[in-house]
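Visitor: Can you keep this structure in mind? I'll have questions shortly.
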Amino acid sequence: MLIDAHVHLIDEDYSGLEYYMVNMLRALGMRAISVSMDMNTSERNLRFAECYNDVIIPFVGLHPWCVDREELDSFVQFITSNIDKIMGIGEIGLDGTYTTNYNRQREVFESMLSIAEKYRKPISVHSRRAVDDILNVLPSYNIKGVLLHWFSGSKRQLAKANELGYYVSYGPVLVYSEEKRALLRSSDADLVLVETDGPVRYGSCFNQSMAVPSFLISVTYAFADTLKMEYDHAEEVLLNNTLRYLGS
Numbered sequence: 066m067l068i069d070a071h072v073h074l075i076d077e078d079y080s081g082l083e084y085y086m087v088n089m090l091r092a093l094g095m096r097a098i099s100v101s102m103d104m105n106t107s108e109r110n111l112r113f114a115e116c117y118n119d120v121i122i123p124f125v126g127l128h129p130w131c132v133d134r135e136e137l138d139s140f141v142q143f144i145t146s147n148i149d150k151i152m153g154i155g156e157i158g159l160d161g162t163y164t165t166n167y168n169r170q171r172e173v174f175e176s177m178l179s180i181a182e183k184y185r186k187p188i189s190v191h192s193r194r195a196v197d198d199i200l201n202v203l204p205s206y207n208i209k210g211v212l213l214h215w216f217s218g219s220k221r222q223l224a225k226a227n228e229l230g231y232y233v234s235y236g237p238v239l240v241y242s243e244e245k246r247a248l249l250r251s252s253d254a255d256l257v258l259v260e261t262d263g264p265v266r267y268g269s270c271f272n273q274s275m276a277v278p279s280f281l282i283s284v285t286y287a288f289a290d291t292l293k294m295e296y297d298h299a300e301e302v303l304l305n306n307t308l309r310y311l312g313s
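Counting from 1, position 179 in the sequence shown corresponds to residue 244 in this note's numbering; the numbering is continuous, with no gaps.
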C-alpha cells in the first residue's frame, strides 16, 4: 500500500472531482494525508474525512500564506474542539518568499507547534526559503512526527534534518529531476516519504497535468530506481516510514 504524504484534496481545483479522487485511491489500494490551509479548508477537510475515513487521513493547519486572514485564537479553538477527529497538524510553516508578515508567520507557526506537542500529533511543514529558521525552531518542541514536505533545501540542511530525525518528502518532480534524485541519494531512506502535493501541476513527462493519486506510483518507481531497490521493497519501506511518521 502507498500513502500520499501530502495532498490538498479539498482544494478548489479538485471541485467536482472529490469522488473521482476517492475512487481512484480505493482502486489503487492507497490512502492520502489530506492537508488544509485555513479555517474553511480545515472544516471541509474534516467533513470529507468523516465520509471517506477508509482512505482519507485528515490534517488541519494554518498555512503561512493564510496567516493574515484568520484569527489565531478562533483557529486554535477549532482545533482543540475537534482534536479527536484530527490526525495531524498541517500544512503549517514559514515561507521566506513573503517577508512583510514573517513575524506573524512565526507567531502562528509556533502556536501550531505547541498544539502538536500538547496533543502528540504529527506535523506537515512548508519550508520554502525558510529551512534554517524552521530547523532552529523545531527542536524546542517535542513533536512525535515532523515532515518537511516537498523538501527543497540544501544537502547541509538535509543532513541536519536527518540528524534530528525529521522526515522529508519528494513528489513527482523526482521522476525527471536529477537535482531531486541527488537529494534523495543523500537522504536517510528510513526518513523519506512520497507525495503528490496535488492539485499542483507538473511539467516534463506529466504534460502540465494536475496531480492525481496515480502519480504516486511513478514517484515510487523513481524512488526505487534512484536507490537501486526493487519496487515492492521500495513500497514496503515507504509504507513503514509513513506509518512511523503518523505514529501508527
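We put the CB at the ideal spot given by N, CA and C, even for glycine.
I need the straight-line Cα distance from S167 to P123, nearest angstrom please.
Guide: Here residue 167 corresponds to residue number 102 of the sequence shown, with the count starting at 1. Here residue 123 corresponds to residue number 58 of the sequence shown, with the count starting at 1. Position check: residue 167 holds Tyr in this sequence, whereas Ser was assumed. Their Cα atoms are separated by approximately 27 Å.
Visitor: Of all the alpha helix (DSSP H) runs that stay within the bounds of the region 155 to 191, which reach a length of 4 or more residues?
Guide: Entirely contained in the region 155 to 191, the alpha helix (DSSP H) runs reaching 4 residues are, in chain order, 167 to 184.
Visitor: Helix, strand or coil for P123, going by three-state DSSP, please let me know.
Guide: Along the sequence shown, one-based indexing puts residue 123 at 58. Reduced to three states, the DSSP call for P123 is strand.
Visitor: Taking the alpha helix (DSSP H) that D248 belongs to, which residues open and close that run?
Guide: Locating residue 248 in the sequence shown gives position 183, where the first residue counts as 1. The amino acid occupying residue 248 in the given sequence is Leu; Asp does not appear at that position. Where L248 is concerned, the enclosing alpha helix (DSSP H) stretches over E243 to R250.
Visitor: Given this structure, state the Cα-to-Cα distance separating E136 from V173, to the nearest angstrom.
Guide: Walking along the sequence shown from the start, residue 136 turns up at place 71. Walking along the sequence shown from the start, residue 173 turns up at place 108. Near 10 Å, if we compare the C-alpha coordinates of V173 and E136.
Visitor: Which residue marks the beginning of the beta strand (DSSP E) containing L137, and which one marks its end?
Guide: Stepping through the sequence shown from its first residue, residue 137 is reached at position 72. It is not in any beta strand (DSSP E) - L137 instead sits in the alpha helix (DSSP H) that spans L137 to S146.
Visitor: Determine the closest residue to E115 out of T291, L93, V87 and V132, with distance taken between C-alpha atoms.
Guide: By 1-based counting over the sequence shown, the position of residue 115 is 50. For E115, the nearest C-alpha among the options comes from V87.
Visitor: If T261 and D69 are in contact, beta carbons under 8 Å, what's the gap, nearest whole angstrom?
Guide: Position 196 of the sequence shown, counted from the first residue, corresponds to residue 261. Position 4 of the sequence shown, counted from the first residue, corresponds to residue 69. About 5 Å separates the two Cβ atoms, so the contact holds.
Visitor: Thinking C-alpha only, which one of F280, V257 and A97 is nearest R309?
Guide: Along the sequence shown, read from residue 1 onward, the residue named residue 309 stands at position 244. The candidate whose alpha carbon is nearest that of R309 is V257.
Visitor: Any contact between the region 229 to 237 and the region 88 to 95? By contact I mean 3 or more CB pairs, one from each, below 8 Å.
Guide: Touching, no.
Visitor: With a 10 Å radius around its C-beta and 16 neighbouring C-beta atoms as the bar for buried, classify H298 as buried or exposed.
Guide: Your numbering for residue 298 matches position 233 in the sequence shown. That one is exposed.
Visitor: By DSSP's criteria, S274 is part of a beta bridge. Which residues make up the other side?
Guide: Position 209 of the sequence shown, counting from 1, holds the residue named residue 274. Y267, per the DSSP bridge assignment.
Visitor: Note down, in chain order, each residue of its chain lying with its Cβ closer than 6 Å to the Cβ of G218, except the 5 sequence neighbours on either side.
Guide: Position 153 of the sequence shown, counting from 1, holds the residue named residue 218. Contacts found: V196.
Visitor: Could you give the DSSP three-state label for L213: helix, strand or coil?
Guide: Along the sequence shown, read from residue 1 onward, the residue named residue 213 stands at position 148. The answer is strand: DSSP assigns L213 an E or B state.
Visitor: Quick one: measure Cβ to Cβ for P264 and H73, integer angstroms, because I've assumed they're closer than 8 Å.
Guide: Here the question's residue 264 lines up with position 199 in the sequence shown. Here the question's residue 73 lines up with position 8 in the sequence shown. Their Cβ separation, rounded to whole angstroms, is 6 Å, which keeps P264 and H73 in contact under 8 Å.
Visitor: Looking at the secondary structure, which residues open and close the alpha helix (DSSP H) in which I282 lies?
Guide: Here residue 282 is taken as the residue at index 217 of the sequence shown, counted from 1. Unbroken alpha helix (DSSP H) run through I282: F280 to T291.
Visitor: If we ignore side chains and look at the alpha-carbon of each, how far apart do E77 and S101 end up?
Guide: Working through the sequence shown from its first residue, we reach residue 77 at position 12. Working through the sequence shown from its first residue, we reach residue 101 at position 36. Distance between the alpha carbons of E77 and S101: 12 Å.
Visitor: Using the three-state DSSP reduction, which class does A97 fall into: helix, strand or coil?
Guide: As a working mapping, residue 97 is identified with position 32 in the sequence shown. A97: strand per DSSP, three-state reduction.
Visitor: Just to confirm, does T162 get its C-beta within under 8 Å of one of the non-hydrogen atoms of the ligand ZN?
Guide: The model depicted lacks the ligand ZN and carries no ligand whatsoever.
Visitor: Among T285, L311, G312 and E175, which has the Cα closest to the Cα of L200?
Guide: Within the sequence shown, the letter at position 135 stands for residue 200. The residue with the shortest Cα to Cα distance from L200 is E175.
Visitor: Mind checking T165: buried by the 16 CB within 10 Å criterion, or exposed?
Guide: The residue given as residue 165 occupies position 100 in the sequence shown. Flag for T165 reads exposed.
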